[in-house]
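Chemist: First, the structure itself, so that you have it in front of you.
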Amino acid sequence: MKERVYEANPDPSKPKFFITAAFPYPNSPLHLGHARTYTIADVYARYMRMKGYNVLFPMGFHYTGTPILTMAEQLKAKDPELVSLFVEVYDVPPEDIEKLGDPLALARYFHKDAKQAMIEMGYSIDWRREFTTVDEEFKKFIVWQFTKLKEKGLLTRGTHPVGWCPKHNMPVGMHDTKGDVEPEIGEFTLILFKLEDGDEIYLPAATLRPETVFGVTNIWLNPHAQYVIVEVDGRKWLVTEKAAFKLRFQRKNVRVVEKVDVSKLFGKRVVNPATNKRVPILPGTFVDPDTATGVVMSVPAHAPYDYAAVRDILSQPEMLKKYGVDPRELEPIPLIKVKGYSDVPARDVVEKFGVESQLDKEKLDEATKKLYSDEYHHGIMREDIVSLVYPDLPPEYRRYVVAPVKVWIAGKSVAEAREATAKWLEALGYADKMYEVMNRPVYCRCGTEVVVKVLEDQWFIDYGNPAWKAKAKELLSKMNIVPEELRKEFMYTIDWLHERAAARTRGLGTELPWARGWIIESLSDSTIYMIFYTVNYKIRRYGLKPEQLGIEFWDYVVLGKGNPKDIEKKYGIPRKVLEDIRSEFEYWYPLDSRHSGRDLVPNHLTFFIFNHVALLPREKWPRQIVVNGFVMLEGKKMSKSLRNIIPLRRAIRVYGPDTVRAAILASAELLQDANFTHELALSVMDRLSNIVKIVELVADKEQLEDDSSIAGRWIVSMACTRIREVTNYMEEFKYRAATITLLYEMAKDVEKYFELRGAVKGSKQLRFFVENWVKMLAPIVPHIAEELWHRLGNKTLVVTEEWPKPVQRDAVAELTVAYVDKLIEDIKEIIKVVKKKPEKVIVAVDEPTNWQLAVKAVQATLNRLSFKEFMNEVLRELSRDERRRVAPKLKKLFDYVMGLHEDLKKLITTINEFDEKQAIEQLKDYIARSIGVDKNNIIVLRASEAKGVIPSQKLASIVPLRPAIVVS
RNA sequence: GCGGGGGUGCCCGAGCCAGGUCAAAGGGGUCGGGCUUAGGACCCGAUGGCGUAGGCCUGCGUGGGUUCAAAUCCCACCCCCCGCACCA
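Residues 72 to 1039 (the working numbering) are what the first sequence spells out, left to right.
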C-alpha cells in the first residue's frame, strides 16, 4: 500500500488488464458472501500483475434503490427487530443506530465499513477511483447513458402494474412488505356477461381460463358478500365492494353507483357473450369476494370448484325450483380433451381427491392445480365447441361469428386457445382485464393490504428489441464465460428478456432528465458504470464541475465523437484535459473481466451485455465474465432470518484476512456453493503456520548446504511440477485446486523431501522450492506471503515479483521416487498378506537393456494402441530368439503401464536409460525406514544375478518397472 | 411448465468436459496405536468383501448401450436444488 502498487496509471509499455467486480449495496456490512466474489477478483488481479500486466481493479458503491430508504425509516421508528439485527448480527454499535435513521447516513455508514473491510482483506484496489452512484458526476454519466438509449429508440413508454400500498400511496417491493414477501402480480381476464333485464349491467366474470367460456352453465356470486354497481369507463359493472376499491387503482374512471342486495339477483339470467346462451346467477359460497371481481363463471366440466358447487346445489332441489333452474341446465359441457381423463375431467379429479363440498378448500385447490396443469399442457380444444357458439343465429350471419372460433380456437391446444379466446372477446368488446396480487394477502409494513396499481407513463428499456438481442448474442458468443456452463443461461436470458420498467417513483439515484419524479432504477443505472472508473479520478483531479459534464463531454470521452474545441467552448474544459481523459478511457477499455455472484446472471450481467453493445463500438465490448456461487456457513445458507450472517470484519478479527481468503477459496470451485466452517478456518491457519516453520529452515541463505542427492534433485523437480500445475489452475480459475495444492500438497512435498533425506533440514534445493512456493502463495494469502518473502531475506515486494516459470523437470529423479514408492507399497502389501514380520527382502529387477521396452509400451498406450498393435510393433523389430525371450513379458508390461498416470507416462518417454537397481540403491535408507527392515537385509539383484536365488516362476515374471520381490 | 445445475463410499466433497495409477483425492466421523497424570491438540495405522505374495470380487441415482476398458461417452427413466423480473 505504501508503495502505491495498486494505483494503476496508463502505461503503454505494459499490456493492460481491467478487472471489476459488482459493487456492493451498502445497506448492511460486507459478509463472507461478498468476500468470495471480491477475493476471486483480487486473486486474479494479483496473479495478472505478477504475470506482467498493468492491472486496474477499482471499486464503487451502489446507493441507488429503495431498500436503504425503507431500512432507514424502520430504524427511525426504532423497529426492535431491525435494531437487534443491526446491533447483534451486524456489529453496529448501539450508539450509532440513532444517526442511521437517515438513508444517506445509513449508506455512508456501511459504505465506510465495507471499504474498511476491503482494505483489511488486502484487496488490491485503486482507491483513487472510488465513487458512489449518487455522486453528481456519476449522475451526469447516467443521464448521458439514458439520453443515448432514448436516441437509439431503446426506451419506450407505457403503463405498468406494480404492488401498491393504498395508505402510503407508494409502490411496494419485497423489502417493503411484512415478511419480505414479493407481491406476485397476475392478470385476470374479465368476461362481461350482460344482465338480461334491467338497464345495461354487466357481470365481469374474472377468470384465468377464458377458453372455458364456451362451457359456462351459470354465474356464481357469493351470497354473503356486499356487491355494488360501479361505472367503469361509462359501463356499469356488478362487482364486490372490495373489487370496486381495487379497480380504482387500475382504472381512471371508476365510480360507485349503488349498493346491491345480492339475494335479489339469484335466479336472474345473464347472456354468455361467447355463446349467446342465457345462464342463471346462483349462490356460490366458495366465491372469494376479495379475489378479483368476486364474479365467477361456472364451468363444471373443467373447474373442480364449479363442479363441486354445482353438485352441492343439485342436492337442494327446492333451491333450484326457487330460482327456476332446470337441473339439466347445469350439466357439465365438455370442451377439452385430455388423455387420461373422461369427458368431464373436473368430475374425475373431484372424485379422485375425495372432495366433500365446495368448501373443501384444501382438496379443491389441489385438484384444481392438477387439472389446470394437465389441461394446459396436454389439453386440446374439442372441435364440437363450434356448435355451442350462437346456435340460434341464422346461418348466413352465424358463419361470420363462428369463423374465428373455428380457425383459432377449436382443435387448438389450451395454451393457444386461451390467448385466442381472450383476444376474440376483447375485440367484440366483451372482455377486459384486471390485475390481482396472486399470492394475496400481502401486507405493507404499515399493515395495509397491498393492491395492484397501474402506473401511467412508466419508462421501459426495451430489451425485447430484436436487433438489440442479436447484437447481445453476438457479444455473448465472443465473450469468455467462466464457468462455461453458464453460457446457456445467458443465452436463455437474452432470449426472454423484454421491456423492463427502468424507473421508480422513489429511492436514491438519478432522475430521468425528461420525466420529473422518475428515478432510474438500480439495475438500470449499473450496467456500464465500469467506464466511469476509467475517468472519474481525472475528472476530480482536474476539478471539473458536474455541470461541465454534459452529453457532448461523454460523447467525446467515451465515443470519440465531436470536436474538443467546441466542447472547450461550450463547457470551458481545456482541450488537453479532454484529450487526457479520453486517452485514459481508451487505454483501459474494454473491460477484461467482470466478476459477480451467480444471482446476477439473469439480470445485472445480462443487462451489462445489452447496454455495452447498445452504446459502445465492437472493439470496446467486454471480454470476459467470471461468476461464482454463494457462501454457506457451517452448511447453512446465510440469511437475515437465521441471523447467521458473519460480517466480514468480524471474520477478519477472528481468523485474520489471509485465513478468510484461503478458506473461502479452498472450500469450493467457482460455481459450487462454498461452505465456510470454523473448522476449515482452523485447518487453514494450521497449514499457514506450518509453512512459516518450513520457511524458517531455509531463511538463512548462507548456511544452506547443497543437496545433490536424488532427494535434492527431486524437490527441485517437484517445484517445477507444482509451478506448472498451479499455473494451470490459476489460468482456469480453479482457485480451490490451486489453494489446496499450495496449502496442503506442497507442504506434503516438503515432508516427503525430509523423508527421502531422512532428516528435517534445509538445503539450497529446498530453498528453491520454497521461494517459488511463496511467490505462488502471494495472490492467495498476500499478507503472509509478503512477510515470508522478507523472512527469506528479500528486499523486494513479493507482489511485484514475476510469477514463476517451470524450468526443466528432472524426469529421472521424479521417476526414481515414484518407482521406489511403488516398490515400497508392493512390499508392504506382501507383508500385510503374509502377516509375518519380515527380516529380509530380495528385489530382482529387469536388465537395464530392456528399458526401451517400457518406453515403447508407454508410448503405445499414449497413442491409444491396442495390445495387439503394440505387440506386433515390438516383435517386428526383433530377431526370433529375442522374440521368444520378450513375448511373454509384453502382456504384463503393457497392462501395468496402461494404468500409469498420464503425467508419469510422458515423463517416462523422455528417459532413455533407467537403471532400476541404481534407483533402489540410491534410496535404500528411505526404503529401509519405510518398511522397517534393516538396510543390509535389503538385497537388490539384476535378473541375471537372481537365478537360483528366487523362484523361477517369479524370475520369469520380471518386466521393466515391475521387479520381483521376495520377502522372508 | 420453461431454463439451468446436480445425484459419488457412514457424512461432506473432488474426479466426469479430454474413458485406463479409480476401491475412487481431500476433509470429517468411527475404531486401534503413539504422545500425555488425564483430556485436548498433534502423530501413525485401519475404515466394501475375500485372500499366507504385490491379487480377485462387488461398486459411483436406476435401467439399457458403445468400448479391449465406463464414475467418466450415448439413450431412457427417477429424484433433489436454483432462476422465471421491474427487486438489490
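Backbone N, C-alpha and C define an ideal beta-carbon position, used for all residues, glycine too.
#1: Would a C-beta distance cut-off of 8 Å place Glu655 and Val606 closer than the cut-off?
#2: Would Lys211 and Pro617 be called neighbours here (beta carbons separated by less than 8 Å)?
#3: Report yes if the CB atom of Val891 is closer than 8 Å to the CB atom of Ile998, and no otherwise.
#4: Roughly how many whole angstroms lie between the Cα atoms of Ile451 and Val358?
#5: I'd like to check one pair, Ile786 with Leu837: are the Cβ atoms closer than 8 Å?
#6: Mapping DSSP to helix, strand and coil, what is Ile781?
#7: Using a Cβ-Cβ cutoff of less than 6 Å, which residues in the same chain neighbour Met72 once the five nearest sequence positions on both sides are dropped?
#8: Just to confirm the assignment: which complete alpha helix (DSSP H) runs, minimum length 4, are found wholly within the segment 381-435?
#9: Along the alpha helix (DSSP H) that carries Arg947, what are the first and last residues, could you check?
#10: As an exercise, report each continuous alpha helix (DSSP H) stretch of at least 4 residues that is fully enclosed by the segment 121-165, in chain order.
#11: What are the complete alpha helix (DSSP H) segments, minimum 4 residues, inside the segment 305-359?
#12: What whole-angstrom Cβ distance do Val252 and Val513 have, given they're in contact under 8 Å?
#13: For Glu992, collect the residues of the same chain with a Cβ closer than 7 Å to its Cβ; drop the 5 residues on either side in sequence, then sort them by chain order.
#14: How is Lys73 classed by DSSP in three states: helix, strand or coil?
#15: Excluding sequence positions up to five away, which residues of its chain have a Cβ less than 6 Å from the Cβ of Thr311?
#16: Measuring alpha carbon to alpha carbon, tell me which residue in Ser1039, Val841, Ile139 and Lys960 is nearest Gln1024.
#17: Check whether the segment 179-194 touches the segment 574-593, taking contact to mean three or more Cβ pairs, one atom from each stretch, closer than 8 Å.
#18: Apart from the five residues on each side of it in sequence, which residues of its chain come closer than 7 Å, Cβ to Cβ, to His854?
#19: Can you check which of these residues, Ala488, Leu615, Phe209 and Arg516, is closest to Lys238 by C-alpha distance?
#20: Which residue or residues does DSSP assign as beta-bridge partners of Met452?
#21: Is the distance from the Cβ of Arg795 to the Cβ of Pro877 below 8 Å?
#22: Is the Cβ-Cβ distance between Gly244 and Thr137 less than 8 Å?
#23: Given a cut-off of 8 Å on the beta-carbon distance, is the pair Ile111 and Phe285 in contact?
#24: Which value, in whole angstroms, describes the spacing of the CA atoms of Gly643 and Glu623?
#25: Excluding the 5 residues flanking Lys477 on each side, which residues of the same chain have their C-beta closer than 7 Å to its C-beta?
#26: Give a yes or no on contact between the segment 110-130 and the segment 164-179, applying the rule of three or more CB pairs nearer than 8 Å.
#27: Ends of the beta strand (DSSP E) at Pro275?
#28: Express the C-alpha separation of Val797 and Lys691 in angstroms, rounding to a whole number.
#29: Which value, in whole angstroms, describes the spacing of the CA atoms of Thr362 and Glu222?
#30: In or out: Thr230 buried (at least 16 other Cβ within 10 Å) or exposed?
#31: Within the segment 969-1003, note down every full alpha helix (DSSP H) run reaching 4 residues or more, in order along the chain.
#32: So, for Phe603: in the same chain, excluding its five sequence neighbours on each side, which residues have a beta-carbon less than 7 Å away from its beta-carbon?
#33: Three or more C-beta pairs closer than 8 Å, one from the segment 412-425 and one from the segment 434-443: is that the case here?
#34: Where DSSP assigns a beta bridge to Asn289, which residues make up the other side?
#35: Quickly, what does DSSP pair Lys1018 with across the bridge? List them, please.
Modeler: Considering the structure as presented:
#1: Start at 1 with the first residue of the first sequence, and residue 655 comes out as number 584. Start at 1 with the first residue of the first sequence, and residue 606 comes out as number 535. For Glu655 and Val606, yes; Cβs fall inside 8 Å.
#2: Position 140 of the first sequence, counted from the start, is the residue given in the question as residue 211. Position 546 of the first sequence, counted from the start, is the residue given in the question as residue 617. Contact: yes.
#3: Here residue 891 is taken as the residue at index 820 of the first sequence, counted from 1. Here residue 998 is taken as the residue at index 927 of the first sequence, counted from 1. It is a contact, given that the beta carbons lie within the stated cut-off.
#4: Translated into positions along the first sequence, residue 451 becomes position 380. Translated into positions along the first sequence, residue 358 becomes position 287. If you take the alpha carbons of Ile451 and Val358, they lie about 28 Å apart.
#5: As a position in the first sequence, residue 837 is number 766, starting the count at 1. As a position in the first sequence, residue 786 is number 715, starting the count at 1. The answer is yes: Cβ separation under 8 Å.
#6: Residue mapping note: residue 781 aligns to position 710 of the first sequence, counting from 1. DSSP places Ile781 in helix when its eight states are reduced to three.
#7: Along the first sequence, read from residue 1 onward, the residue named residue 72 stands at position 1. Unreliable positioning characterises Met72 in this predicted model, as indicated by a pLDDT of 46, which lies under 50. The coordinate reading is nonetheless provided below. For Met72, where only same-chain residues beyond five positions count, there are no Cβ hits under 6 Å.
#8: 388-394 and 416-423
#9: As a first step, residue 947 must be located in the first sequence, where it is residue number 876. That run of the alpha helix (DSSP H) goes Phe938 to Arg947.
#10: 138-147 and 151-155
#11: 312-318
#12: Translated into the one-based positions of the first sequence, residue 252 becomes position 181. Translated into the one-based positions of the first sequence, residue 513 becomes position 442. Rounded, the Cβ-Cβ distance is 5 Å, consistent with contact.
#13: What you label residue 992 is simply residue 921 of the first sequence in a count that begins at 1. Taken in chain order, the residues that qualify are Val1011.
#14: As a working note, residue 73 is residue 2 in the first sequence. Any reading at Lys73 needs caution, since the residue's pLDDT is 49, under 50, leaving its predicted position unreliable; the model's value is listed next. Coil, per DSSP.
#15: Stepping through the first sequence from its first residue, residue 311 is reached at position 240. Here the set comprises Ala296, Tyr298, Pro360 and Gly365.
#16: As a first step, residue 1024 is located in the first sequence; it is residue number 953 there, counting from the start. Considering only alpha carbons, the answer is Lys960.
#17: no
#18: As a working note, residue 854 is residue 783 in the first sequence. Excluding positions up to five away in sequence, the list reads Gly193, Pro728 and Asp729.
#19: Taking the first sequence and counting its residues from 1, one reaches residue 238 at position 167. The option with the nearest alpha carbon to Lys238 is Arg516.
#20: Translated into positions along the first sequence, residue 452 becomes position 381. For Met452, which the question treats as bridged, DSSP gives the partners Ile407.
#21: Numbered from 1 along the first sequence, position 724 holds the residue referred to as residue 795. Numbered from 1 along the first sequence, position 806 holds the residue referred to as residue 877. A contact, by the Cβ cut-off of 8 Å.
#22: Taking the first residue of the first sequence as 1, we reach residue 244 at position 173. Taking the first residue of the first sequence as 1, we reach residue 137 at position 66. Yes, Cβ-Cβ distance for Gly244 and Thr137 is below 8 Å.
#23: Stepping through the first sequence from its first residue, residue 111 is reached at position 40. Stepping through the first sequence from its first residue, residue 285 is reached at position 214. No, Cβ-Cβ distance for Ile111 and Phe285 is not below 8 Å.
#24: For this step, residue 643 is matched to residue 572 along the first sequence. For this step, residue 623 is matched to residue 552 along the first sequence. The straight-line gap from Cα to Cα measures roughly 12 Å.
#25: Locating residue 477 in the first sequence gives position 406, counting from the first residue. Contacts found: Val457.
#26: no
#27: Indexing the first sequence from 1 puts residue 275 at position 204. Here the beta strand (DSSP E) through Pro275 covers Ile272 to Thr278.
#28: Translated into positions along the first sequence, residue 691 becomes position 620. Translated into positions along the first sequence, residue 797 becomes position 726. Taking the straight line joining both Cα atoms gives about 31 Å.
#29: The residue labelled residue 362 in the question sits at position 291 within the first sequence. The residue labelled residue 222 in the question sits at position 151 within the first sequence. Thr362 and Glu222: Cα-Cα distance of roughly 42 Å.
#30: Within the first sequence, residue 230 is the residue found at index 159, counting from 1. Its Cβ having fewer than 16 others within 10 Å, Thr230 is exposed.
#31: 973-980, 987-993 and 995-1002
#32: Here residue 603 corresponds to residue number 532 of the first sequence, with the count starting at 1. So the qualifying residues of the chain are Phe202, Phe209 and Phe212.
#33: yes
#34: For the purposes of this step, residue 289 is taken as residue 218 along the first sequence, with counting starting at 1. DSSP lists Ser369 as partners of Asn289.
#35: By 1-based counting over the first sequence, the position of residue 1018 is 947. Answer by DSSP bridge pairing, in chain order: Ile1021.
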